[in-house]
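S.K.: In the numbering used here, the protein residues as written are 6 to 269. We treat Cβ as the ideally placed atom computed from N, Cα and C, and that holds for glycine.
#1: Hey, quick one: how far does the alpha helix (DSSP H) through residue 179 stretch, first residue to last?
#2: What would DSSP say about residue 83, mapped onto helix, strand or coil?
#3: Go ahead and label residue 59 buried or exposed: buried means 16 or more other beta carbons lie within 10 angstroms of its beta carbon, across all protein chains shown.
#4: Based on the DSSP output, what are the partners of residue 193 in its beta bridges?
#5: Is it the case that the Cβ atoms of residue 257 and residue 14 are separated by a distance below 8 Å?
#6: Taking residue 260 as part of the beta strand (DSSP E), name the residues at either end of that continuous run.
#7: Please classify residue 187: does DSSP put it in a helix, a strand, or coil?
#8: In the structure shown, what three-state DSSP assignment does residue 53 receive?
#9: Compare the Cα-Cα distances from residue 159 to each of 167, 172, 165 and 166 and report the closest residue.
#10: For residue 161, count neighbouring Cβ atoms within 10 angstroms of its own Cβ and tell me buried if that reaches 16, exposed if not.
#11: How would you label residue 110, buried or exposed, when you count the other beta carbons within 10 angstroms and need 16 or more for buried?
#12: Excluding sequence positions up to five away, which residues of its chain have a Cβ less than 7 Å from the Cβ of residue 129?
#13: Check the DSSP bridge columns for residue 108 and list the partner residues they point to.
#14: State the DSSP-derived secondary structure class of residue 201, mapped to helix, strand or coil.
#15: Beta carbon of residue 64, beta carbon of residue 197: below 8 Å?
#16: If you measure between the beta carbons of residue 112 and residue 85, is that distance less than 8 Å?
#17: If you drop the 5 nearest sequence neighbours on each side, which residues of the same chain put their C-beta closer than 8 Å to that of residue 40?
#18: Using DSSP with H/G/I as helix, E/B as strand and the rest coil, what is residue 40?
#19: Give every residue of the same chain whose Cβ lies closer than 7 Å to the Cβ of residue 118, excluding the five residues on either side of it in the sequence, and list them in chain order.
#20: If you draw a straight line from the alpha carbon of residue 226 to that of residue 103, how long is it in whole angstroms?
#21: Does the beta carbon of residue 227 sit closer than 8 Å to a beta carbon anywhere in chain E?
#22: Helix or strand or just coil, what does DSSP make of residue 243?
#23: If we count Cβ pairs, one from each stretch, closer than 8 Å, do we get three or more for the stretch 227-234 versus the stretch 69-86?
Given below as structure tokens:
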């Protein structure tokens, strides 16, 4: 079994648009939860979420492409770029054995909702031809692998709240078993939309502390009343230890094992 280490980190979330600002906010004990601004939630029982603020998708993709990809993909592209840059690869990087694992719990829910409304109100011929590609989770990994020229394994995980962790495990196994020398892992989600909030609220899964959003997320408190939906993306670069050591990479951590099971 090969040793697996982390050599690149990227993120974007309600606390920051990159890893440095996010980590600083976390250390300062800041909360990213506030009133929903992505849509009018006035009539919803849940009116709070952890939205990514001040994100301009035009800084990620050009204007012609923005409408072709869902927000979760835009966020994932941003985090992946930061992780790849953070890893400090040279121009001569061999990408034949460099793979990717992408993950999302739901995928392009806002686009599914939007095009469902278009179909209902204006008819099926008005549905965007980019709707399906923009909503599929595997397009996250597909577009990122194209951008960075990654030609190794390309895997997608759609396992609800476990998707990101599942992706880490798949990337770890790919390197540990010798199927790849490097893997980029991305988890992204952006489901703060009427159907997303409304659906989870109907399950009584979300906190309704609308007047105290900063303290709504309290999973271990006896007064907890549900989770708070957030959005964002995180990315990690995994490498085989000897490869990372040979090129003098900064090693953040070593992943020494991974396990998975079902409680069916």
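M.R.: Considering the structure as presented:
#1: 168-181
#2: helix
#3: exposed
#4: DSSP lists 238 as partners of residue 193.
#5: yes
#6: 258-260
#7: strand
#8: strand
#9: 172
#10: Around the CB of residue 161, 16 or more other CB atoms lie within 10 Å, so the residue is classed as buried.
#11: buried
#12: none
#13: Beta-bridge annotation (DSSP): residue 108 is paired with 162 and 192.
#14: helix
#15: No, they are not a contact pair.
#16: Against a cut-off of 8 Å, the Cβ pair of residue 85 and residue 112 comes out as no contact.
#17: 46, 52, 53, 215 and 218
#18: strand
#19: 198, 199 and 200
#20: 43 Å
#21: As a matter of chain content, chain E is missing from the structure shown, which is built from one protein chain.
#22: Residue 243: strand per DSSP, three-state reduction.
#23: The stretch 227-234 is not in contact with the stretch 69-86.
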